Structures are given as C-alpha cells and as structure tokens.
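In our numbering, the protein residues as written are 24 to 231.
Written out below as structure tokens is the structure these notes cover.
Here's what the structure looks like:
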C-alpha cells in the first residue's frame, strides 16, 4: 500500500469513528432531553387515557385535556394527554403549543422570553400532526413540556405557574411544519374559526 492510500484509509477510519461518536452523543442528548416517544406514550396511556376517552364519549367533548396542570422541577419534564374527536367528514388534524405567560405564586407576572420558552420548553412538541381522523373517530395525543432551567438566556426559572396555549386544527400542518394559524390569543381574536371547536385550550406547568 502506498503512502497516499494509507493516509486516505486512516482518514476514512477517523471520519467513521467521529461520525459514530457524534451520532451516539446526539441520541444521548435527545433521549435525555425529551425521553423516548414510546415511554411518553406509555405514561400517558397509563395515567390519563381512560379519562380522556371518557371525556370524549360521555362528556360529549370534541377536545379533552382532563389533566391540565402538572408539577415539575427545573430540568424535568411534565407530560400531558390530549384527546380529539372528529364528528364531521374524514379530515386530517394537527395541533400546536405556544407559550402564553408565567406567574409567581402571588400572581405577579414572571418576565419570560416567549421565543426562548417556545424553543427550550416546547422543542419538538411545539407542533404535531395528529393524523387522519374518520367521522366519529377519536385519538389520544401525548405531548411533553420540559421545565427548562431558564426563562430567558441566563435568567433562571423561578417557582410559579407556566401557562401554554394548546390549539387543535382540523387541517394539516403546512409544508414547513407550521400550524394553520398561530396558537395565540391574538390570532384567535382575529379568526377563531381557524381553530377546531373555535377554542384555545391551556395547560400549566407548576414549577416547584
């Protein structure tokens, strides 16, 4: 083997090793940050699936979040479950989350960076494709909110209530994985018909 070929082989081996290390670290941080989807689904099924199903059927609700408040410590996650029922013709549904506001135990507002909250507290759960629902079909959708250490770059998250909007749409996400309408009170006031049931729902992470 000539010197040039030997150097290329060594370089290729090093590149492969680095790729494996980077891939392994990426998986580690993904599972550490959000946990696996299967584990989250199992937790939701065990704790709230029956309540969601009952609310959709016996409560005659189209969207149900029976457990809308969860406690979490800084750096930990709070999991929620949402149920959706379609009473119209077959169509594709989607959902979105958006930071609404944060409040100290005495009710005063916690100054939090909305963009930071959406990026670091919601992450990949900010939008989700619920999928195709036939007439009278219902589905349980788990989602997770991670109580980040901060509420803005370099600003620690204090104890309090962190409120997030939850929106359901009877339309799919856009090609860019964006919701049909932003999940905000402002957008709701402009066009409430863009939201399934013409409502915005909310969940609260109580940081303890």
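Cβ atoms here follow ideal geometry from the backbone N, Cα and C, with glycine treated the same way.
Bear in mind the structure is a predicted one, so any value in this text is a computation, not a measurement.
To which residues does DSSP link residue 118 through a beta bridge? Within the chain shown, numbered from 1, the residue matching residue 118 stands at position 95. The partner list for residue 118 (beta bridge, DSSP) reads 151 and 191.
Outcome for residue 127 when other beta-carbon atoms lying within 10 angstroms are tallied against a minimum of 16: Here residue 127 refers to the residue found at position 104 when the chain shown is read from its first residue. It counts as exposed.
What is the rounded straight-line gap between the Cα of residue 209 and the Cα of residue 104? The sequence position of residue 209 within the chain shown is 186, counting from 1. The sequence position of residue 104 within the chain shown is 81, counting from 1. Computed Cα separation, rounded: 25 Å.
Where do the N-terminal and C-terminal ends of the beta strand (DSSP E) with residue 166 fall, by residue? Working through the chain shown from its first residue, we reach residue 166 at position 143. Per DSSP, residue 166 belongs to the beta strand (DSSP E) from 161-169.
Three-state secondary structure (DSSP) at residue 77? Reading the chain shown from its first residue, position 54 is the one you call residue 77. Looking at residue 77 - three-state DSSP - the assignment turns out to be helix.
Rounded separation between residue 157 and residue 144 - CA only: Position 134 of the chain shown, counted from the first residue, corresponds to residue 157. Position 121 of the chain shown, counted from the first residue, corresponds to residue 144. Distance between the alpha carbons of residue 157 and residue 144 is about 32 Å.
Residue interval of the beta strand (DSSP E) (run including residue 224): By one-based count along the chain shown, residue 224 stands at place 201. Taken as a continuous stretch (DSSP letters only), the beta strand (DSSP E) holding residue 224 covers 224-230.
Would DSSP call residue 141 helix, strand or coil? Within the chain shown, the letter at position 118 stands for residue 141. In the structure shown, residue 141 sits in a helix (DSSP, three-state: H, G or I).
Backbone CA spacing between residue 195 and residue 33 [nearest angstrom]: On the chain shown, residue 195 is found 172 positions in, with the first residue counted as 1. On the chain shown, residue 33 is found 10 positions in, with the first residue counted as 1. So the alpha carbons of these two residues sit roughly 48 Å apart.
As assigned by DSSP and simplified to three states, the class of residue 104: By 1-based counting over the chain shown, the position of residue 104 is 81. Three-state DSSP puts residue 104 in a strand.
Quick one, are the C-beta atoms of residue 166 and residue 187 less than 7 Å apart? Looking up residue 166 in the chain shown gives position 143. Looking up residue 187 in the chain shown gives position 164. Going by C-beta atoms, residue 166 is not nearer than 7 Å to residue 187.
CB of residue 192 within 7 Å of CB of residue 228, strictly: Within the chain shown, residue 192 is the residue found at index 169, counting from 1. Within the chain shown, residue 228 is the residue found at index 205, counting from 1. No, these two residues do not count as a Cβ contact at 7 Å.
Within-7 Å CB hit, residue 96 to chain D: No chain D is part of this structure, which consists of one protein chain only.
Residues in its own chain within less than 6 Å of residue 257 by CB, not counting five upstream and five downstream? Lying outside 24 to 231, the shown extent of the chain, residue 257 is not represented and no answer is given.
Taking three-plus beta-carbon pairs below 8 Å as touching, is the region 198-208 in contact with the region 163-183? no
Considering only residues of the same chain and omitting the five flanking positions on each side of residue 150, which have a CB-CB separation below 8 Å? Numbered from 1 along the chain shown, position 127 holds the residue referred to as residue 150. Excluding positions up to five away in sequence, the list reads 117, 118, 119, 120, 196, 200, 201 and 202.
Classify residue 153 as buried or exposed, calling it buried when 16 or more other Cβ atoms lie within 10 Å of its own Cβ. For this step, residue 153 is matched to residue 130 along the chain shown. Residue 153 is buried by the Cβ-count criterion.
For residue 130, is the classification buried or exposed, using 16 other Cβ atoms within 10 angstroms of its Cβ as the cut-off for buried? What you label residue 130 is simply residue 107 of the chain shown in a count that begins at 1. Exposed, because fewer than 16 other Cβ atoms sit within 10 Å of the Cβ of residue 130.
By Cβ distance below 7 Å, which residues in the same chain neighbour residue 75 in space, the five residues on each side in sequence not counted? For this step, residue 75 is matched to residue 52 along the chain shown. Closer than 7 Å at Cβ, skipping near neighbours: 87, 89, 104, 106 and 163.
Drop a sphere of 10 angstroms on the beta-carbon of residue 102, count the other beta-carbons inside from all chains shown, and report buried for 16 or more, exposed for fewer. Here residue 102 refers to the residue found at position 79 of the chain shown. Its Cβ being crowded by 16 or more others within 10 Å, residue 102 is buried.
Work out the CA separation of residue 73 and residue 170 for me, nearest whole Å. For the purposes of this step, residue 170 is identified with residue 147 of the chain shown, where counting begins at 1. For the purposes of this step, residue 73 is identified with residue 50 of the chain shown, where counting begins at 1. The alpha-carbon atoms of residue 170 and residue 73 are separated by roughly 26 Å.
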